[in-house]
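Protein chains in written order, with this note's numbering: chain A, 18 to 132; chain B, -17 to 96. Yeah, the Cβ is synthetic: ideal placement off N, Cα and C, and Gly gets one too. No experiment lies behind these values; they were computed from the predicted model shown.
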Amino acid sequence: AQKITQTQPGMFVQEKEAVTLDCTYDTSDPSYGLFWYKQPSSGEMIFLIYQGSYDQQNATEGRYSLNFQKARKSANLVISASQLGDSAMYFCAMREKAGNTPLVFGKGTRLSVIA
Amino acid sequence: DAMVIQNPRYQVTQFGKPVTLSCSQTLNHNVMYWYQQKSSQAPKLLFHYYDKDFNNEADTPDNFQSRRPNTSFCFLDIRSPGLGDAAMYLCATSSELSTNSPLHFGNGTRLTVT
């Protein structure tokens, strides 16, 4: 069963606008971590933001925020004031505590920022 | 800056010819990972080391091996590359295996098999 689902293969956003990238996850482990990574065309994976399953507040890092809705098992990434340099693939990922499981990635969303 | 470095950036090998990809880190992290990422797909974990303990994913082909001679270095050996092994190979590290330890990735090595 797929643990991370990203339903948007591609998204477009106007420069300076905000955009939300969707991510839902599936786990029965009460302890887990959720991560978002950015992968530009050059290939490197850049860590953006982290949300723990027990965190009470939504995570924020600069222009990135995570809309964490635990009951719905969703962890959407919000990018505010989009910039041309935000154009990239974005991956949602999860790590469960049980068995020291590795980081599992979703299929990604390709974001294109339009001037 | 502390970082994860992969060499080479691009690697071309012939069908069936063994190839080794290398990864080094200055973060002094306990865990090192190798991921395979094919075009337009998510990264797929091949194996990881926690210190010297090797952990192979169940569906990683025997063709793929790894070595970690010390904390800083980790190698990916592909014994007999096939055309289907052409991919981006990403090395990553984390301080621990805990749920709140982000992975830090290198720039990747793009492997072409001719």
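With a 10 Å radius around its C-beta and 16 neighbouring C-beta atoms as the bar for buried, classify Lys55/A as buried or exposed.
If you number the first sequence from 1, residue 55/A lands on position 38. So Lys55/A counts as buried.
Can you pull out the residues from the region 61 to 82 of chain A whose beta carbon lies closer than 8 Å to at least one beta carbon of chain B?
Within the region 61 to 82 of chain A, the qualifying residues are Glu61, Met62, Ile63, Phe64, Tyr67, Gly69, Ser70.
Spatial neighbours of Tyr31/B within its chain, please: C-beta separation below 6 Å, excluding the five flanking residues on both sides.
Taking the second sequence and counting its residues from 1, the one referred to as residue 31/B is at position 49. Counting only residues of its own chain and dropping the five nearest sequence neighbours on each side, Tyr31/B has a CB closer than 6 Å to the CB of Met14, Arg50.
Helix, strand or coil: how does DSSP classify Leu9/B here?
As a position in the second sequence, residue 9/B is number 27, starting the count at 1. It is coil, neither helix nor strand.
For Gln23/A, collect the residues of the same chain with a Cβ closer than 7 Å to its Cβ; drop the 5 residues on either side in sequence, then sort them by chain order.
On the first sequence, position 6 is the one that residue 23/A refers to. Excluding positions up to five away in sequence, the list reads Asp39, Cys40, Cys109, Gly123, Lys124, Gly125, Thr126.
Could you tell me whether the region -13 to -6 of chain B touches the region 58 to 68 of chain B, where touching means 3 or more Cβ pairs closer than 8 Å?
Result no; under three Cβ-Cβ pairs closer than 8 Å.
Specify the secondary structure class of Gly50/A as computed by DSSP and reduced to three states.
In the first sequence, counting from the first residue as 1, residue 50/A sits at position 33. Three-state DSSP puts Gly50/A in a strand.
Say whether chain A places a C-beta atom closer than 7 Å to the C-beta of Asn109/B.
No answer is possible for residue 109/B: the residues shown for chain B start at -17 and end at 96.
Run through the region 63 to 113 of chain A for me and flag every whole beta strand (DSSP E) of 3 or more residues, listed as ranges in chain order.
Correct list: 63 to 69, 81 to 86, 91 to 96, 105 to 113.
Contact list for the region 16 to 28 of chain B against chain A, Cβ threshold 9 Å:
Residues Tyr17, Gln19, Ser22, Gln23, Ala24, Pro25, Lys26, Leu27.
Could you check whether Ser6/B and Ser54/B sit closer than 7 Å to each other, using their CB atoms as the reference points?
For the purposes of this step, residue 54/B is taken as the residue at position 72 of the second sequence. For the purposes of this step, residue 6/B is taken as the residue at position 24 of the second sequence. Between Ser54/B and Ser6/B, the C-beta gap is smaller than 7 Å, which places the two residues in contact.
Using three-state DSSP, classify Leu65/B as helix, strand or coil.
Residue mapping note: residue 65/B aligns to position 83 of the second sequence, counting from 1. Leu65/B: helix per DSSP, three-state reduction.
Extent of the continuous beta strand (DSSP E) run through Cys56/B
Taking the second sequence and counting its residues from 1, the one referred to as residue 56/B is at position 74. For Cys56/B, the uninterrupted beta strand (DSSP E) run begins and ends at 55 to 60, by DSSP.
Short CB-CB distance (under 7 Å) between Asn10/B and chain A
Residue numbering aside, residue 10/B sits at position 28 when the second sequence is read from its first letter. So, not an interface residue.
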